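Enquirer: The sequence shown maps to residues 6 to 392 in my numbering.
In this text, a Cβ means the ideal position worked out from N, Cα and C, and glycines have one as well.
All values derive from a computational prediction rather than experimental measurement.
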Amino acid sequence: MLNFEFKNPTKILFGKGEIAKISNEIPKDANILMIYGGGSIKSNGIYDQVKEALKNHQVHEYGGVPANPEYEVLVEALQVIKEKKITYLLAVGGGSVIDGTKFLSAAANYAGEPWEILKKPVRTFEGEGMPFGSVLTLPATGSEMNSGYVISRRETNEKLSSGGPGLFPQFSVLDPEVIRSIPKKQIVNGITDAYTHVLEQYMTAPSSADLQERIAESILISLQETAPKVLSDDFDYNAAGNFMWCCTMALNGLIQKGVITDWAVHAIGHELTAYFGIDHARTLAVIAPSHYRYNFEAKKGKLAQYAERVWGIKEGTVEEKAEQGIKKMEEFFHSLDIKTKLSEYTEEYQGTAERVEKAFTERNWLGLGEHKNLTPQDASKIVAMSY
């Protein structure tokens, strides 16, 4: 097991009715900016619950944060923060809203051009970011219990990430009841996103960190077993709770400690979202199978372990089991009606591999993957395999 440090200061309020407790988590004298997305929280009752909980606080609002939070929109919110002299941020939404709020937390007291925070990138340390909490409305990204975020900039077709120990939410409310109102497509995206988050931290090389390995595998199995239940027309509170907690546990930092991690799938997938506007989770499902096949020799031991422990495949050589593992992963995505080829999302896929290579070269991203040995040329070949 590798050396590691682990600190996660986010307080979780899990369960039905927990939104009512947020007034106890935010200072009484705080000047709050409530940040949300397209307004669905006003039709599913969450907005009213939050407003009721904060009726004795000073609350301003900023709505309209889109999926794949856009820099141009967030700069407008940043002006509101300065004009209204905001002292506390509250994200009410899914990963995009929470990610956008993290960026605003980092940018609120940053003296330079806000885009520098992502372009350099500039890490935000404890005490530097504006304090914030979150009310999760769409399980997927794990942003409610980690300190990373991803922001898009449409004018430059860039999607970049940053973070730092100063950007953990002070608290996050996880109420499974919110899943009642989530469209099936977004639930599918959440399952796929969380599943791939685990793969990025697990599908590397066999490790001696047995507990982390087993926790990662249990999250994958739970997502597989929970998927049909949470996608059923009949709401199942227990299934919703399992799904929500799986998404949080997939990326709260725990399973990546003491092991090597990959993240090349995300780096490449972000480009596809930036170019074509394809849902983030679906770009991951496009890239992951090709990435594992391209790096088969380096990953076959863990792929075989995945096949054995997660899918129960006991027969065959290491190579045969490893290939079966990739096949089972693809079949799982297909069972969710997730397509795994870029050409199934856009007719303009030709030339994408070259675009990715050029972008990674210009950014000097010369070492992706768990061993930092994947070049922009390798990324290009992976994308081409994904057509």
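Excluding the 5 residues flanking G372 on each side, which residues of the same chain have their C-beta closer than 8 Å to its C-beta?
Expert: One-based indexing of the sequence shown puts residue 372 at position 367. Result list for G372: N378, L379, T380, in chain order.
Enquirer: For M39, which beta-bridge partners are listed by DSSP?
Expert: Numbered from 1 along the sequence shown, position 34 holds the residue referred to as residue 39. In DSSP, M39 forms a bridge with E66, L95.
Enquirer: Could you tell me the distance, in whole angstroms, from the CA atom of L236 to the CA atom of R185?
Expert: Within the sequence shown, numbered from 1, the residue matching residue 236 stands at position 231. Within the sequence shown, numbered from 1, the residue matching residue 185 stands at position 180. Near 10 Å, if we compare the C-alpha coordinates of R185 and L236.
Enquirer: Closer than 8 Å is the cut-off here; do at least three beta carbon pairs connect the stretch 100–110 with the stretch 134–150?
Expert: Counting Cβ pairs under 8 Å, three or more are found: they touch.
Enquirer: Just verifying my parser: in three-state terms, what is the DSSP assignment at E222?
Expert: Position 217 of the sequence shown, counted from the start, is the residue given in the question as residue 222. E222: helix per DSSP, three-state reduction.
Enquirer: On the DSSP letters alone, give me the boundaries of the beta strand (DSSP E) that T142 sits inside.
Expert: Walking along the sequence shown from the start, residue 142 turns up at place 137. First-last of the beta strand (DSSP E) with T142: 137–143.
Enquirer: Considering only the alpha carbon of each residue, which of D53, V97, G195, N49 lies closest to Y67?
Expert: In the sequence shown, residue 67 corresponds to position 62, counting from 1. Nearest C-alpha to Y67: V97.
Enquirer: Which stretch, first to last residue, makes up the beta strand (DSSP E) that contains V190?
Expert: As a working mapping, residue 190 is identified with position 185 in the sequence shown. Reading off the sequence, residue 190 comes out as Lys, not Val. From DSSP, K190 is part of no beta strand (DSSP E) but of the alpha helix (DSSP H) over 189–207.
Enquirer: Secondary structure at G168, three-state DSSP: helix, strand or coil?
Expert: Within the sequence shown, the letter at position 163 stands for residue 168. In this structure, G168 counts as strand in the three-state DSSP scheme.
Enquirer: Report yes if the C-beta distance between N36 and Q63 is below 9 Å; otherwise report no.
Expert: As a position in the sequence shown, residue 36 is number 31, starting the count at 1. As a position in the sequence shown, residue 63 is number 58, starting the count at 1. Going by C-beta atoms, N36 is nearer than 9 Å to Q63.
Enquirer: CB F19 to CB V178, shorter than 9 Å?
Expert: On the sequence shown, residue 19 is found 14 positions in, with the first residue counted as 1. On the sequence shown, residue 178 is found 173 positions in, with the first residue counted as 1. Taking 9 Å as the Cβ cut-off, F19 and V178 qualify as a contacting pair.
Enquirer: Taking the alpha-carbon positions, what's the T201 to K307 distance?
Expert: By one-based count along the sequence shown, residue 201 stands at place 196. By one-based count along the sequence shown, residue 307 stands at place 302. Taking the straight line from one Cα to the other gives about 15 Å.
Enquirer: Candidates T15, T146, R287, D383: which alpha carbon is nearest Q175's?
Expert: Taking the first residue of the sequence shown as 1, we reach residue 175 at position 170. Looking at the Cα atoms, T15 is the closest of the given residues.
Enquirer: Could you tell me the boundaries of the beta strand (DSSP E) in which F19 lies?
Expert: The count along the sequence shown starts at 1 and reaches residue 19 at position 14. Its beta strand (DSSP E) spans residues 16–19.
Enquirer: Residue range of the alpha helix (DSSP H) that Y297 falls in?
Expert: Numbered from its first residue, the sequence shown carries residue 297 at position 292. It spans 285–299 - the alpha helix (DSSP H) in which Y297 sits, taken as one unbroken run.
Enquirer: Can I91 and L59 be called in contact, C-beta distance under 9 Å?
Expert: Locating residue 91 in the sequence shown gives position 86, counting from the first residue. Locating residue 59 in the sequence shown gives position 54, counting from the first residue. Cβ atoms of I91 and L59: not closer than 9 Å.
Enquirer: Any chance the stretch 283–302 sits against the stretch 332–348, with 3 or more Cβ pairs inside 8 Å?
Expert: Because the criterion of three Cβ pairs below 8 Å is met, the stretch 283–302 and the stretch 332–348 touch.
Enquirer: Should Y410 be labelled buried (16 or more other beta-carbon atoms within 10 Å of its own) or exposed?
Expert: Absent from the model: residue 410. The displayed extent of the chain is 6 to 392, so no value can be given.
Enquirer: I'd like to check one pair, T278 with S167: are the Cβ atoms closer than 9 Å?
Expert: The residue you call residue 167 lines up with position 162 of the sequence shown. The residue you call residue 278 lines up with position 273 of the sequence shown. No; because the gap between Cβ atoms is not below 9 Å, this pair is not in contact.
Enquirer: I'd like to confirm the pairing. Which residues does DSSP put opposite G153 in its beta bridges?
Expert: Against the sequence shown, residue 153 aligns to sequence position 148. Answer is G168.
Enquirer: Relative to the alpha-carbon of I273, which residue among E77, V361, F338, T366 has its alpha-carbon at the smallest distance?
Expert: The count along the sequence shown starts at 1 and reaches residue 273 at position 268. The shortest Cα separation from I273 among E77, V361, F338, T366 belongs to V361.
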